[in-house]
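What follows is a set of notes on a single structure, which appears directly below.
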Amino acid sequence: MLRFAASRLARAALTLAMVVTFAFLVLIASGDPADIIMGSDAPPEAVEAFRQAWGLDRPIWEQWLGYFGAVLTGDLGRSMRDGRPALDLVLERVPQTLAITLPALAIKLGLGIPAGVYAALHRNSFADRAVMALAVAGFTIPSFVLGLLLVLVFAVQLGWLPSGGDGTWRHAVLPVVTLGIGGAAVLARFTRSAMLEVLGQPYIRTASAKGVPWRLVVSRHALPNAAIPTVTIVGFMVGTLIAGAVVVESVFSWPGVGRLLVTAVANRDLAVVQCVLLLVAATMVMANLVVDLLYGLLDPRLRGAPRGAAGG
Amino acid sequence: MTAPLLAAEHLTRRYTLRRGVFGGAAEVRAVDGVSLAIRRGETLGLVGESGCGKSTTGRLVLGLERPDAGAVRFDGAPMPAPGTPAWRKLRARMQMVFQDPLGALDRRLAIGAQIREPLEIHQIDTARVPELLAAVGLRADQAARYPHELSGGQRQRAVIARALATEPDLLVCDEPISALDVSIQAQVMNLLAELQEQRRLAMLFISHDLRAVRQLSHRVAVMYLGRIVEEGDPDEVLSGPAHPYSRALVSAIPRRGKPGGRIVLEGDPPNPADRPPGCAFHPRCAQAVARCRADEPALLPRRGDGRLVACHVAHGEAEKPSVRAAA
Amino acid sequence: MNPPRGDSPLVAIRDLAVSFDGQAALRGVSFDVARGEALGLVGESGCGKSVTWLAALGLLPAKTQIAGSVRLAGEEMLGAPPATLDRVRGGRVAMIFQDPASSLNPVHRVGRQIAEALALHRGLSGAAARAEAKRLLDTVGIPDAARRLDAYPHEFSGGQNQRVMIAMALAGQPDLLVADEPTTALDVTIQAQILELLQGLRREMGMALVLISHDLGVVAETCDRVAVMYAGRIVEEAPVERLFDAPAHPYTRGLLGALPEIDGPRRRLSAILGGVPEPWAMPPGCAFAPRCGWRIAPCDDGTPPDLALASGHRAACLRAREAAMSPEAVPA
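Line by line, the protein sequences are chains A, B and C. Here the first sequence stands for residues 1 to 312, where the numbers follow the numbering used here. Here the second sequence stands for residues 1 to 327, where the numbers follow the numbering used here. Here the third sequence stands for residues 1 to 332, where the numbers follow the numbering used here.
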């Protein structure tokens with residue numbers, strides 16, 4: 001088990017390193033931070049001074065190495081805009097993001113999974129078809145379109161909810177719903193497929209033939225098996241808790257990590273961008289690790305080599 | 001006595017398995033020192049249960065895999081390595097018929113096109129397709145059908161037609177009838193027998209079904225855990241099996257009347273990765289003696305009738321008391 | 001040994017007909033299963049042998065059209081409320097299936113799956129259930145039963161999985177065990193073990209057995225009576241010896257002729273030409289007529305009625321009597 005965990009961790013570390021390098025390269029290629037932050041009509045000496053102060057005049061590979069060394073010691077750099085440590089800037093936004101992504105996750109799970117299970121149990125009925133049609137609508141509409149539509153209806157026309165910013169719980173409603181619907185739709189379709197696959201298996205027929213009442217066949221026999229593939233998707237959704245709200249935060253002017261990222265990219269504020277990326281990658285990698293471990297718990301077939309003889 | 005068309009000597013094929021994350025490597029000897037020979041116009045039946053290595057033997061004989069030891073000679077020449085141009089040319093002379101006809105056919109091509117394909121590859125006259133269809137009992141108009149539009153028996157006939165396209169000298173059939181209904185099995189068996197007679201085909205008929213093997217084979221070899229344990233005339237082996245495993249196999253065949261004194265083997269077929277020492281069958285053998293635990297028996301002719309059997313007891317080793325009481 | 005016919009049968013099926021989306025899978029099947037007897041149900045793919053019992057136990061999808069009557073000790077099963085069916089399934093009629101490896105829930109331990117049946121039908125739980133589950137595993141010949149209770153299905157071989165299925169089926173102490181191709185996926189030596197086990201259990205427990213198989217040899221050795229099915233109907237029913245000695249229906253004769261012998265002279269197999277008709281292309285009269293060497297004009301007029309040939313022997317063929325007399329598989 002130790003070797004298993006160690007190899008997974010090593011892979012995780014490698015993934016993180018690659019993510020950061022990639023972000024670094026893309027940002028370097030996309031434009032000079034000094035020009036953007038100082039503005040196009042700043043005097044060249046000031047721009048040059050800025051560059052030197054931030055080490056932007058050093059060769060690329062030196063900058064990269066310097067950055068990596070710093071990360072390993074816990075120093076994630078400073079924002080070029082206001083000089084504060086990037087890590088602080090990012091971490092203070094995390095609770096804001098979680099304030100909408102966590103309830104959204106609750107909606108995705110609480111709405112998506114039951115809908116998918118219900119659809120599978122009543123396959124080809126009107127309810128099934130309705131749920132699936134809604135699901136398709138839910139995940140094909142881009143989140144910003146959905147968000148804007150909701151703003152149009154609930155904020156502008158009906159005036160029930162504010163259209164942006166944060167402050168009260170009312171401000172959170174529309175962002176949470178926008179985020180939740182797309183994920184719930186995906187999860188509904190996925191859960192339905194997983195359930196249908198499981199319900200077609202011979203062991204479900206065995207359970208019925210044993211005299212197990214149908215509701216118990218579903219809850220005791222079908223659901224635990226359908227959970228195995230579903231966990232992958234849910235794991236992915238947990239992984240996007242930090243980063244998944246970028247668009248929605250922009251649409252609703254919600255001051256979370258997503259908005260911070262967008263601003264930082266626009267300003268070529270390297271340290272902040274890299275910090276956010278590292279955080280997102282770390283969350284995703286952690287979520288995947290947990291999913292891998294969960295698999296072992298949920299599916300005994302994955303735990304070790306089978307002891308039975310082959311054949312006959 | 002003509003030389004055999006196919007001669008395989010001491011074929012061995014090993015796979016290395018890793019047991020879990022921490023276990024060491026386990027060696028699985030899928031085929032362990034198998035020698036066989038098939039003449040033109042003759043069928044050798046290869047019988048055994050799952051994990052005995054019969055399918056792997058079939059692939060080695062065709063040259064689809066390289067043996068780790070031993071050699072295959074076809075028509076006097078050594079088998080070229082898989083993938084080489086010489087090997088590809090040899091495909092025209094040896095073909096395989098598989099168990100699952102639907103899996104063996106491309107779902108997206110009509111069967112006529114699939115039968116024509118080997119003709120195109122080996123540059124033989126493609127006008128032969130209707131003749132091949134007729135030879136297997138399909139109608140010419142069925143050439144335009146897709147595999148899913150045909151029944152199981154018809155699909156298997158299409159597979160056979162495709163195999164016959166290049167007029168091969170050797171046909172390896174790996175469980176060709178197991179997936180078919182009983183009445184269709186009979187049709188396909190009759191067809192194979194007919195084709196062999198007409199074309200002097202050499203056939204390796206691999207099956208777990210002793211009845212089918214008896215029906216079609218001129219000689220039968222019984223395999224257990226990668227080795228041939230008995231070989232001989234099918235009627236003789238079936239009526240008087242020499243090896244304890246063959247005896248169990250023959251007595252296990254379900255038939256009329258409640259069979260008294262049936263030999264029921266204990267336990268499951270052993271894990272090929274966990275091979276017992278000495279004779280691989282000894283843990284399940286009612287007649288095992290001390291030597292069976294230590295020495296692997298060789299396939300040798302028995303005193304008396306010359307039946308090839310790999311068993312110490314069959315060759316007369318019985319003086320020491322048995323490991324187990326007789327069944 | 002035929003049980004006395006005077007007793008009311010354990011299961012009485014009358015005119016059972018099943019259709020899926022308008023396609024008939026079973027077209028009127030009637031037969032009895034007596035207490036303690038072993039009945040073989042033989043036929044090729046699509047004949048309806050499995051569908052018969054899936055319908056009887058209510059295991060088919062809700063939208064299936066089912067007609068007719070299935071009485072278990074007098075009680076009607078078709079259309080019975082779910083609670084009744086749940087009680088019967090496993091408790092009075094148990095069914096085991098073809099592919100043992102995938103017929104057991106992969107995420108539950110084997111002991112738990114057996115205990116579930118014990119809880120449902122015998123009210124056992126906890127230590128009592130565990131002890132009984134162990135006893136059942138011993139009965140079916142699983143070595144080291146106490147430890148194996150905590151194993152998962154993937155840790156057993158195919159033959160052992162089938163034994164576990166049998167143990168689970170026996171847990172409810174059923175009057176009838178329906179075994180649907182129980183040995184088809186298994187090696188022949190393992191098959192022999194399982195058939196021995198089933199016969200032994202039958203003798204000990206006085207349980208009735210319905211063995212569904214395409215393998216005439218398996219049925220020949222295990223069953224007292226055999227019913228041969230073709231295209232959704234029973235075409236012949238007889239005590240096992242009689243079926244093999246004097247088969248009457250041309251299809252049965254064809255099946256027997258298609259089976260290669262183990263001993264005796266080798267002969268060309270008398271294969272039945274053609275194939276089973278598709279459900280949507282059923283011939284107007286006897287479904288076997290297009291392939292039948294005994295066909296005469298009246299065969300196409302309507303489904304042939306059952307002709308009683310001898311005690312317990314009936315065949316649905318207009319020429320059954322003639323065919324039974326003739327040694328040839330097909331008339332000269």
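Idealized CB from N, CA, C, for every residue including glycine.
- Query: Does the beta carbon of B:Met189 come closer than 9 Å to any beta carbon on chain C?
  - Reply: B:Met189 counts as touching chain C.
- Item | Best match in B:Gly137, B:His122, B:Gln287 for proximity to B:Thr166 [C-alpha to C-alpha] | It is B:His122 whose Cα lies nearest to the Cα of B:Thr166.
- Message: Alpha carbons only, please: which of A:Ile28, A:Ala53, A:Thr73 is nearest the one belonging to A:Ile60?
- Response: A:Ile28
- Buried versus exposed, by CB contacts within 10 Å (16 or more), C:Asn161: buried
- Query: Quick one: what does DSSP say B:Leu308 is sitting in, helix, strand or coil?
  - Reply: Strand.
- Item | Coarse secondary structure for B:Thr12, derived from DSSP in three states | strand
- Look up B:Asp174 in the DSSP assignment and give the residues it is bridged to. B:Ile206
- Query: Does C:Ser102 get closer than 9 Å to chain F when you measure Cβ to Cβ?
  - Reply: Among the protein chains in the structure shown, which are A, B and C, there is no chain F.
- chain C contact residues for B:Arg262, given Cβ-Cβ distances below 7 Å: Ala192
- Message: By the 8 Å beta-carbon criterion, what residues does the region 246-279 of chain C contribute toward chain B?
- Response: Gly254, Leu255, Gly257, Ala258, Leu259, Pro260, Glu261, Ile262, Asp263, Arg266, Arg268, Leu269, Ser270, Ala271, Ile272, Leu273, Gly275, Val276
- Query: With 16 as the cutoff for other CB atoms within 10 Å, does A:Leu9 come out buried or exposed?
  - Reply: exposed
- Establish whether the CB of C:Ser373 and some CB of chain B are separated by less than 9 Å. Any answer about residue 373 of chain C is impossible in this case: the structure gives chain C only from 1 up to 332.
- Task: Inspect the CB distances between the region 268-287 of chain A and the region 224-244 of chain A and report whether three or more fall short of 8 Å.
- Result: yes
- Message: I'd like to check one pair, C:Ile212 with B:Ile253: are the Cβ atoms closer than 9 Å?
- Response: no
- Within the region 122-156 of chain B, ranges of the alpha helix (DSSP H) (whole runs, at least 4 residues): 129-135
- Since B:Asp235 is in the alpha helix (DSSP H), which residue starts that stretch and which ends it? For B:Asp235, the uninterrupted alpha helix (DSSP H) run begins and ends at 234-239, by DSSP.
- Task: Note down, in chain order, all residues in the region 291-304 of chain A with a beta-carbon under 8 Å from any beta-carbon belonging to chain C.
- Result: Leu298, Asp299, Pro300, Arg301
- Item | Counted within 10 angstroms of its Cβ, other Cβ atoms place B:Tyr15 as buried (16 or more) or exposed | exposed
- Message: Measuring only the C-alpha atoms, how far is B:Ala290 from C:Gly126?
- Response: 46 Å
- Message: Any beta carbon of chain C sitting closer than 9 Å to that of A:Ala127?
- Response: no
- Message: So, does the region 48-68 of chain C touch the region 313-320 of chain C, judging by three or more C-beta pairs under 8 Å?
- Response: no
- Query: Hey, would you say C:Gln193 sits closer than 9 Å to C:Ala38, going by beta carbons?
  - Reply: The answer is no: Cβ separation not under 9 Å.
- Message: So, for B:Cys285: in the same chain, excluding its five sequence neighbours on each side, which residues have a beta-carbon less than 6 Å away from its beta-carbon?
- Response: Pro244
- Task: Let me know if B:Pro82 comes out buried or exposed under the rule of 16 or more other beta-carbons within 10 Å of its beta-carbon.
- Result: B:Pro82 comes out exposed.
- Item | Limits of the unbroken beta strand (DSSP E) element including B:Arg255 | Taken as a continuous stretch (DSSP letters only), B:Arg255 belongs to no beta strand (DSSP E), as it is neither H nor E.
- Whole-angstrom distance between A:Ile242 and A:Gly69, CA atom to CA atom: 25 Å
- Just the chain B side, please: which residues come within less than 8 Å of C:Ala179 by C-beta, in chain order? Ordered by position in chain B, no residue passes the 8 Å Cβ test against C:Ala179, which lies about 14 Å from the chain.
- Item | Under the three-state DSSP convention, the category B:Pro101 falls into | helix
- Task: Have a look at the DSSP bridge pairing and note the partners of A:Val361.
- Result: This structure gives no information on residue 361 of chain A, because the portion of chain A shown stretches from 1 to 312.
- Who does C:Arg266 pair with in a DSSP beta bridge? None; C:Arg266 has no bridge partner.
- What first and last residue would you give for the beta strand (DSSP E) that runs through B:Ser35? 25-38 is the extent of the beta strand (DSSP E) around B:Ser35.
- Rounded to the nearest angstrom, how far is the Cβ of C:Leu16 from that of A:Arg205, given a contact under 8 Å? Incorrect: roughly 19 Å between the Cβ atoms, too far for contact.
- Query: Can you give the beta carbon distance from C:Gly43 to C:Val240, rounded, assuming they're within the 8 Å contact cut?
  - Reply: That pair is no contact at about 15 Å.
- Message: Within the continuous alpha helix (DSSP H) that includes A:Arg93, where are the two ends?
- Response: 86-107
- Does any residue of chain A bring its CB to less than 9 Å from the CB of C:Val110? no
- With 16 as the cutoff for other CB atoms within 10 Å, does C:Phe288 come out buried or exposed? By the 10 Å Cβ count, C:Phe288 comes out buried.
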